[in-house]
Amino acid sequence: MLTLVCVVVGEGRPFSVKIEADEIVDDLKKKIKEKNMYQFPAKELELYHTLKGYTEVDEDVLRELKQQGSNDLTVKYVNDIAWMKATKLLKRYLDANPPVEEQIHVLVVIPREIPPTGKRSIEELGEILDERLNKFFKDRDEKRSVYSLSEMNSEKKRRILQKMGLDVNVLELEEPCNTSIPGYPWIVEFPESQDVQRVQYMAYLEAHLMTQLNANKVVFSLLDIANDKTVLDTMDPRLPFRLNGTADVLLVKSKGKNLTTIAGLCIVIELKKKVEKNHINQAIGQLMCASIKAPLGCYPMSLLTDLNDVWHFCYFSDKSVLTQVTF
């Protein structure tokens, strides 16, 4: 029997739930609903596994979790996305990261239109009904909305993963540092997309990356697509909204490059002087678009890099598993 410490984001008061590891996440939702006497269906709860070991039950953490803006707050306490899928066994999440005493194990996000606690008056119920109607119309409008890949954030990524039914696997690999190839010297005064900068990083990639790849029998080419603003535009029923935008470079098999831009697509590359966490959301969006648009037989991956110390790859290791690896 496990004892899991849970905290409702927006409320900040910890409580414990006893449950067996071989039960599923939906069972945990039902126990949380029963414990807190919620009046809405248990399936409306969203649970996040707090993978980061420093999420201790202390006053500072609880004070922060008591603030509103629940979906944004969870990002600080979980590794990338740790949304717990209702049909998955709890041990799938807990075997690799067993619960530790005096730490928060699960963050609970209740429906946005439901106040965290307290009895509801007629006026409050009327407000909830209004908010539900507003949410309905907002969701309807969002289905028609368009977002730029550069606007991708953790919430949009969560919606994509949830709509597509994807699990996330994050690998941490230790690779020996190879100093035989120098890092790219960014021109500090120019942005990544400036013409001179682009000419120089394309020359760098040709000199170092292509020399290594084309040593094999398959011949690859690099395509500069930074100015082709629509190459990754994607509208597909598998996505919760339309995505528009581009990346910086495509790595393609040479024999297909003259057919269409994405023929023979292997890697979609996003270059940043300094890689930040929100850039990973953009790279995941680029992978989604590239995978949907790529011809049959192409299984692209995305690469987010500063051409120096950070090389972050995203790819589908299985039909429903998005894998991320950082070197």
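The end of the sequence shown is residue 327 by UniProt numbering, with every number in the run present. Ideal placement from N, C-alpha and C gives every residue a C-beta, glycine not left out.
Extent of the continuous beta strand (DSSP E) to which residue i belongs
{"i": "D309", "result": "Here D309 belongs to no beta strand (DSSP E), and DSSP marks it neither H nor E."}
{"i": "Y38", "result": "No beta strand (DSSP E) holds Y38; DSSP gives it neither H nor E."}
{"i": "residue 331", "result": "The chain is shown only over 1 to 327; residue 331 falls outside these bounds and no answer can be derived."}
{"i": "P300", "result": "Neither: P300 is in no beta strand (DSSP E) and is coded neither H nor E."}
{"i": "T326", "result": "321-326"}
{"i": "I19", "result": "14-19"}
{"i": "V268", "result": "265-271"}
{"i": "L4", "result": "2-8"}
{"i": "L107", "result": "106-109"}
{"i": "S148", "result": "146-148"}
Residue i versus the options, residue with shortest Cα-Cα distance
{"i": "C177", "options": "E23, D26, E206, N308", "result": "N308"}
{"i": "L4", "options": "G12, S16, E11", "result": "S16"}
{"i": "T230", "options": "G264, K293, T326", "result": "K293"}
{"i": "S317", "options": "L171, K272, A247, E44", "result": "L171"}
{"i": "L239", "options": "Y38, K273, A207, G165", "result": "G165"}
{"i": "Q162", "options": "K85, P111, N36", "result": "K85"}
{"i": "D228", "options": "T246, T50, I24, S150", "result": "T246"}
{"i": "C6", "options": "E23, I24, L28, N278", "result": "L28"}
{"i": "L232", "options": "K319, K43, L250", "result": "L250"}
{"i": "W186", "options": "Q282, I110, K274", "result": "K274"}
{"i": "I19", "options": "Y204, K30, V9, G297", "result": "K30"}
{"i": "E11", "options": "T211, I110, N214, L2", "result": "I110"}
{"i": "K43", "options": "M37, K33, H49", "result": "K33"}
{"i": "P41", "options": "D26, Y48, H49, T50", "result": "D26"}
{"i": "M202", "options": "I181, A226, C289", "result": "A226"}
{"i": "Q282", "options": "N244, L2, T179", "result": "N244"}
{"i": "L107", "options": "L213, Q212, E46, Q200", "result": "E46"}
{"i": "Y48", "options": "M1, S291, L173, Y93", "result": "Y93"}
{"i": "K272", "options": "P300, G183, V9, N214", "result": "G183"}
{"i": "H312", "options": "L296, S291, K277, L223", "result": "K277"}
{"i": "A207", "options": "I181, M37, I160", "result": "I181"}
{"i": "V8", "options": "M210, I104, I280, L209", "result": "I104"}
Residue span of the alpha helix (DSSP H) that contains residue i, given as start and end
{"i": "L90", "result": "90-94"}
{"i": "K253", "result": "Run containing K253: none in the alpha helix (DSSP H); it sits in the beta strand (DSSP E), 249-253."}
{"i": "I280", "result": "277-293"}
{"i": "I160", "result": "154-164"}
Status (buried if at least 16 other CB within 10 Å, exposed otherwise) for residue i
{"i": "I269", "result": "buried"}
{"i": "A96", "result": "exposed"}
{"i": "V219", "result": "exposed"}
{"i": "T305", "result": "buried"}
{"i": "S193", "result": "exposed"}
{"i": "V199", "result": "exposed"}
{"i": "T50", "result": "buried"}
{"i": "M152", "result": "buried"}
{"i": "L173", "result": "exposed"}
{"i": "P300", "result": "buried"}
{"i": "Y205", "result": "First, the residue type needs correcting, since residue 205 is Leu and not Tyr in the sequence shown. Flag for L205 reads buried."}
Check: residue i C-beta below 7 Å from any heavy atom of the ligand NAD
{"i": "L171", "result": "Ligands in the displayed structure: none, and consequently the ligand NAD is not present."}
Cβ shell of residue i (< 6 Å), same chain only, five flanking positions each side left out
{"i": "Q324", "result": "V170, C314"}
{"i": "R242", "result": "V146, M235"}
{"i": "E175", "result": "F327"}
{"i": "I284", "result": "K157, C314"}
{"i": "C298", "result": "L265"}
{"i": "I262", "result": "K293, A294"}
Close beta carbons around residue i, own chain, < 7 Å, minus the five adjacent residues each side
{"i": "Q286", "result": "L149, L232, A247, V268, E270, S302"}
{"i": "L89", "result": "D22, I24"}
{"i": "K35", "result": "F15, V17"}
{"i": "S320", "result": "G165, L166, D167"}
{"i": "I160", "result": "L239, P240, M288"}
{"i": "K91", "result": "A21, D22"}
Close Cβ partners of residue i (< 8 Å) along its chain, the five nearest in sequence each way excluded
{"i": "Q197", "result": "W186, I187, F190, P191"}
{"i": "D224", "result": "R198, M202, D248, V249"}
{"i": "K87", "result": "Lys is not the amino acid found at residue 87; the sequence shown has Thr there. For T87, where only same-chain residues beyond five positions count, the Cβ hits under 8 Å are I24, V25, D26."}
- Can you check the region 173-252 for any alpha helix (DSSP H) of at least 4 residues that lies completely inside it and give the ranges in chain order? 195-205
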